[in-house]
Amino acid sequence: MDGMLSQDEINALLAGMDTSGTPAEDAGGGDAAAPADAAAPAGGAGDDTIDESLLTEVERDAIGEIANISMGSSATTLYSLVNQKVNITTPVVELSNWHGVIDSYEKPCVFVQIKYTVGIDGSNILILKERDVLIITDLMMGGDGTNVEGEIGELQLSAISEAMNQMMGAAATSISTMIGEKVDISPPKATVLEMIDDDPRDIAEFLTGTFCKISFKMQISDLVDSSLMQLYPIDFAKSLYDTFSTSTKGNSEPTAAQGAAALAPPPGAAPAQAAPAQAAPAPDMSGQQMMGQQPMMGQQPMMGQPMMGQPMMGQPMMMPVQPMMNMNISPAQFQNFAGDSPILSTGENIGIIKDVPLEVTVELGRTAKPIADILDFAPGTIIELDKVAGEPVDVLVNGKFVAKGEVVVIEESFGVRVTEIVQ
Numbered sequence: 007m008d009g010m011l012s013q014d015e016i017n018a019l020l021a022g023m024d025t026s027g028t029p030a031e032d033a034g035g036g037d038a039a040a041p042a043d044a045a046a047p048a049g050g051a052g053d054d055t056i057d058e059s060l061l062t063e064v065e066r067d068a069i070g071e072i073a074n075i076s077m078g079s080s081a082t083t084l085y086s087l088v089n090q091k092v093n094i095t096t097p098v099v100e101l102s103n104w105h106g107v108i109d110s111y112e113k114p115c116v117f118v119q120i121k122y123t124v125g126i127d128g129s130n131i132l133i134l135k136e137r138d139v140l141i142i143t144d145l146m147m148g149g150d151g152t153n154v155e156g157e158i159g160e161l162q163l164s165a166i167s168e169a170m171n172q173m174m175g176a177a178a179t180s181i182s183t184m185i186g187e188k189v190d191i192s193p194p195k196a197t198v199l200e201m202i203d204d205d206p207r208d209i210a211e212f213l214t215g216t217f218c219k220i221s222f223k224m225q226i227s228d229l230v231d232s233s234l235m236q237l238y239p240i241d242f243a244k245s246l247y248d249t250f251s252t253s254t255k256g257n258s259e260p261t262a263a264q265g266a267a268a269l270a271p272p273p274g275a276a277p278a279q280a281a282p283a284q285a286a287p288a289p290d291m292s293g294q295q296m297m298g299q300q301p302m303m304g305q306q307p308m309m310g311q312p313m314m315g316q317p318m319m320g321q322p323m324m325m326p327v328q329p330m331m332n333m334n335i336s337p338a339q340f341q342n343f344a345g346d347s348p349i350l351s352t353g354e355n356i357g358i359i360k361d362v363p364l365e366v367t368v369e370l371g372r373t374a375k376p377i378a379d380i381l382d383f384a385p386g387t388i389i390e391l392d393k394v395a396g397e398p399v400d401v402l403v404n405g406k407f408v409a410k411g412e413v414v415v416i417e418e419s420f421g422v423r424v425t426e427i428v429q
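Under this note's numbering, think of the first position of the sequence shown as 7, with each following residue one higher.
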């Protein structure tokens, strides 16, 4: 009761210890390996073994190329969101597991899960660092990217989800172009994770085993120089490769077959001869043909004239002059359009176009402003025009200035009274 151990208690403790300094096995048969096993993450992610044969080199190269094209479109979309130069480098494709991701990425980070709903069946996960997310969302909200203090809240998660939605939507469009089939995604879901204490099974089932990891280097102006990771399940990576390969073969084989059919000579035809290196000279104005030129269509070669453009042995190189045929030639005659046109004078055919709609615009005035001034526009900004107050306004029809007028009020609407027609 006074906090001191009795002699019986001390003897009981000493009886359970090994005098050599090594902990003794307990009565339950536990061994020294038990603490190591207990430290392994839940969900079966404690196995560090990676089977490199799950993806071949050809499959990795194809997946890397698909990811490269997709992230190129995503970088363009991110540029439009943050208004900063964005550069995402060539990806590195490798197999990894949950331990490999934990060891290679700083904590905490943001997991963004994307599911494909049309064209491709599967999902993938994007991993971004917490600081990178804070910078991106600050830029999206009009900041300068320096407001990175504090933790990620619901506002930042909503903003990064929208950014990933647009980025991966652009990537899906690129994949759709490659495979020739519509591809669409569901709205991404972003979550902040510490990763060390999290069970990967709660994030995605495929994280408990071996998966495909694609690493990118991401740069945003001089604010971000970091890395971005994309995780694919093995079966999804293989199906993406199969879909890409099938679409590539489907697009290339008909083209090759059509090309071979176009180049093949018709049955029974003699093989075509190679074209000459130089074009044949033009025929003489006097009707003579130069050496090597074939007879004109419909002419029969004369005796002593070379056949197929090749001179016969002992025959002259020039063709005899052919007499020109007598032709009746008369000057061209044109209708006289002088005077009033009957159509314009009577207007009998103007009704054909009377129901054609034209856009009539009344222009109060114009001005020119530099982009810097336009970006400063806000409610209450006054813009000075090139017209004096009370000056007639311009009336334009399909963008062409046709009249001047004055502004009037017709009940509750504005109108314009035409005061002058511009000739």
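Here a beta-carbon is modelled for each residue, glycine too, at the ideal position from N, C-alpha and C.
- Annotation for Ala-169: Leu-84, Leu-87, Ile-142 and Met-146 place their beta carbon closer than 7 Å to its own, counting only its chain and skipping 5 residues before and after.
- Residue state for Asp-400 is assigned as strand, using DSSP reduced to three classes.
- Within the stretch 102-174, the complete alpha helix (DSSP H) runs of at least 4 residues fall at 104-110 and 136-146.
- With 16 or more other Cβ atoms from the protein chains shown falling within 10 Å of its own Cβ, Asp-138 counts as buried.
- Take Lys-393, set aside five residues on each side of it, and the residues of its chain with a beta-carbon closer than 7 Å to its own are Leu-370 and Gly-371, in chain order.
- In summary, Glu-112 is exposed, with fewer than 16 beta-carbon neighbours lying within 10 Å of its beta-carbon over all protein chains present.
- Using a Cβ-Cβ distance cut-off of 8 Å, the stretch 213-228 and the stretch 155-165 are not in contact, since fewer than three pairs of beta carbons, one from each stretch, lie closer than that value.
- Cβ-Cβ distances below 8 Å link Gln-90 to Leu-145, Gly-151, Ile-226, Ser-227 and Leu-229 in the same chain, with the five nearest sequence neighbours on each side left out; the list follows chain order.
- For Leu-213, no alpha helix (DSSP H) segment is defined, and its DSSP state is neither H nor E.
- Residue Val-399 holds the alpha-carbon nearest to the alpha-carbon of Phe-420 among Val-399, Lys-406, Gly-405 and Ile-69.
- Judged by their CB atoms, Ile-120 and Leu-134 are not nearer to each other than the 9 Å cut-off.
- Closest in C-alpha terms to Ala-73, from the list Pro-194, Ser-192, Ser-253 and Cys-218, comes Cys-218.
- Residue Glu-136 holds the alpha-carbon nearest to the alpha-carbon of Ala-196 among Pro-337, Leu-364, Glu-136 and Ala-243.
- In this chain, the beta strand (DSSP E) harbouring Glu-369 covers 366-369.
- Judged by pairs of C-beta atoms under 8 Å, the stretch 197-216 touches the stretch 98-114, as three or more such pairs exist.
- DSSP lists no beta-bridge partner residue for Thr-249.
- Distance from the CA atom of Met-173 to the CA atom of Val-64, rounded to whole angstroms, is 27 Å.
- In the structure shown, the three-state DSSP call for Ala-338 is coil.
- As the crow flies, the alpha-carbon of Lys-406 is around 28 Å from that of Glu-417.
- In this structure, Pro-97 lies near Gly-70, with their beta-carbon atoms less than 9 Å apart.
- For Ser-419, the enclosing beta strand (DSSP E) covers residues 419-427.
- Counting every other CB atom within 10 Å of its CB across the protein chains shown gives Pro-206 a total of 16 or more, marking it as buried.
- Under the three-state reduction of DSSP output, Asn-74 falls in the helix class.
- Taking all protein chains shown into account, Leu-391 has fewer than 16 neighbouring C-beta atoms within 10 Å of its C-beta and is therefore exposed.
- Closest in alpha carbon position to Pro-363, among Ser-233, Val-403, Gly-149 and Thr-82, is Val-403.
- By the CB criterion at 9 Å, Tyr-122 and Ala-178 fall inside the cutoff.
- In the three-state DSSP reduction, Asn-93 falls in the strand class (E or B).
- Within the DSSP secondary-structure output, Thr-197 pairs in a beta bridge with Phe-117.
- Contact annotation, Ser-167 with Val-118: C-beta distance approximately 7 Å; criterion of less than 8 Å satisfied.
- When secondary structure is reduced to three states using DSSP, Lys-219 falls in the strand class.
- If you compare the alpha carbons of Asp-231, Gly-106 and Arg-66 with that of Thr-55, the shortest gap goes to Gly-106.
- Exclusion of the five residues before and after Asp-231 leaves Gln-225 as the residues of its chain whose Cβ lies within less than 7 Å of its Cβ.
- Inter-residue distance for Glu-365 and Val-401 is about 10 Å (C-alpha atoms, whole angstroms).
- In the same chain as Ser-12, and ignoring 5 residues on each side of it, no C-beta atom comes closer than 8 Å to its own.
- When DSSP states are grouped into helix, strand and coil, Val-415 belongs to the strand group.
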